[in-house]
């Protein structure tokens, strides 16, 4: 498969195509092709996670000169999360180019938010190694602006508080927000949170910390309960 269309969408033409290919290679593909000398995208994801954070942090810091650290942190969390990153990945049609194992392919892996978000971070890690921080910042800022709007104008929504108020009003009792899983090593842990209401799971979210995962889960719960989110 050629990558010209993908590179046009990314806004970067790779000099080292092997970096792009590695960024698109899921661990399940490597497990099924052990006879080949190929790498999965986990190391690039680790790098890209830090690069995306650095780019967005620098942009918020430079644009929002009057905001305190707490507000900047919340705005960054609104921008950098599984939902937002997977949305950008879909915008780039990244799922169409992923190399997945057969099982993951059958399990709709190309549409999974976690796989798409990880692949986007790996892609940014690859862009960084193929170019420079300034070039990567240009690429990241373009993606975020195209999909999520102006970076510095992101609004902060406390989805957990919104959900609690909504459930108290509508159902007369509160949901349970529960951490159900922790995935990955200590340095790169991901938390999984469920929102449970009346004995059923109405929302699930993932995040780099428990608070981020809870916010993501509460946002999904609000959607599933037909709360009008913008």
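Residue numbers (the working numbering): -19 to 210. Beta carbons are placed, not taken as given, at the ideal position from N, Cα and C, and that holds for glycine.
Per-residue burial, residue i [other beta carbons within 10 Å of its own, 16 or more giving buried]
{"i": "residue 167", "result": "exposed"}
{"i": "residue 136", "result": "exposed"}
{"i": "residue 29", "result": "buried"}
{"i": "residue 56", "result": "buried"}
{"i": "residue 113", "result": "exposed"}
{"i": "residue 151", "result": "exposed"}
{"i": "residue 179", "result": "exposed"}
{"i": "residue 92", "result": "buried"}
{"i": "residue 65", "result": "buried"}
{"i": "residue 157", "result": "buried"}
{"i": "residue 145", "result": "exposed"}
{"i": "residue 160", "result": "exposed"}
{"i": "residue 194", "result": "buried"}
Between the CA atoms of residue j and residue i - distance to the nearest angstrom
{"i": "residue 88", "j": "residue 25", "result": "21 Å"}
{"i": "residue 154", "j": "residue -10", "result": "43 Å"}
{"i": "residue 147", "j": "residue 110", "result": "49 Å"}
{"i": "residue 47", "j": "residue 141", "result": "22 Å"}
{"i": "residue 206", "j": "residue -18", "result": "41 Å"}
{"i": "residue 32", "j": "residue 122", "result": "12 Å"}
{"i": "residue 198", "j": "residue 54", "result": "16 Å"}
{"i": "residue 18", "j": "residue -1", "result": "11 Å"}
{"i": "residue 16", "j": "residue 68", "result": "30 Å"}
{"i": "residue -14", "j": "residue 105", "result": "16 Å"}
{"i": "residue -5", "j": "residue 204", "result": "44 Å"}
{"i": "residue 35", "j": "residue 124", "result": "11 Å"}
{"i": "residue 14", "j": "residue 171", "result": "29 Å"}
{"i": "residue 201", "j": "residue 58", "result": "17 Å"}
{"i": "residue 12", "j": "residue 81", "result": "6 Å"}
{"i": "residue -3", "j": "residue 103", "result": "12 Å"}
{"i": "residue 51", "j": "residue 139", "result": "16 Å"}
{"i": "residue 86", "j": "residue 94", "result": "16 Å"}
{"i": "residue 215", "j": "residue 90", "result": "Since the first residue shown for the chain is -19 and the last is 210, residue 215 is missing from the structure and cannot be characterised."}
{"i": "residue 174", "j": "residue 49", "result": "28 Å"}
Same chain only: Cβ atoms within 7 Å of residue i, ignoring 5 sequence neighbours per side
{"i": "residue 196", "result": "61, 62, 63, 185, 186, 187"}
{"i": "residue 22", "result": "7"}
{"i": "residue 83", "result": "8"}
{"i": "residue 70", "result": "96"}
6 Å Cβ shell around residue i - same chain, five flanking residues per side excluded
{"i": "residue 214", "result": "Outside the displayed range of the chain (-19 to 210) lies residue 214, so it cannot be described from this structure."}
{"i": "residue 27", "result": "105"}
Same chain only: Cβ atoms within 8 Å of residue i, ignoring 5 sequence neighbours per side
{"i": "residue 20", "result": "2, 5, 6, 7, 9, 10"}
{"i": "residue 169", "result": "162, 163, 188"}
{"i": "residue 209", "result": "199, 202, 203"}
Practice task
Decide if the stretch 190 to 198 is in contact with the stretch 94 to 106; the criterion is three or more beta carbon pairs, one per stretch, under 8 Å apart.
Solution key: no
Practice task
Mind the definition here: the stretch 73 to 86 touches the stretch 178 to 187 only if three or more C-beta pairs lie below 8 Å; say whether that holds.
Solution key: By the Cβ test, the stretch 73 to 86 is not in contact with the stretch 178 to 187, since fewer than three Cβ pairs between them sit closer than 8 Å.
Exercise for the section: Report yes or no: do the stretch 36 to 47 and the stretch 129 to 142 share at least 3 C-beta pairs separated by less than 8 Å? Expected result: Taking a contact to require three or more Cβ pairs closer than 8 Å, the stretch 36 to 47 and the stretch 129 to 142 qualify as touching.
Practice task
Could you pull out every unbroken alpha helix (DSSP H) segment of at least 4 residues lying fully inside the stretch 113 to 192, listed in chain order?
Solution key: 113 to 128, 139 to 150
Problem - Ranges of the beta strand (DSSP E) found wholly within the stretch -9 to 44, counting only runs of at least 3 - result: none
Practice task
Ignoring anything shorter than 4 residues or poking outside the stretch 60 to 111, list the alpha helix (DSSP H) runs there in chain order.
Solution key: Unbroken alpha helix (DSSP H) runs of no fewer than 4 residues, entirely contained in the stretch 60 to 111, are found at 62 to 71, 82 to 86, 93 to 110, following chain order.
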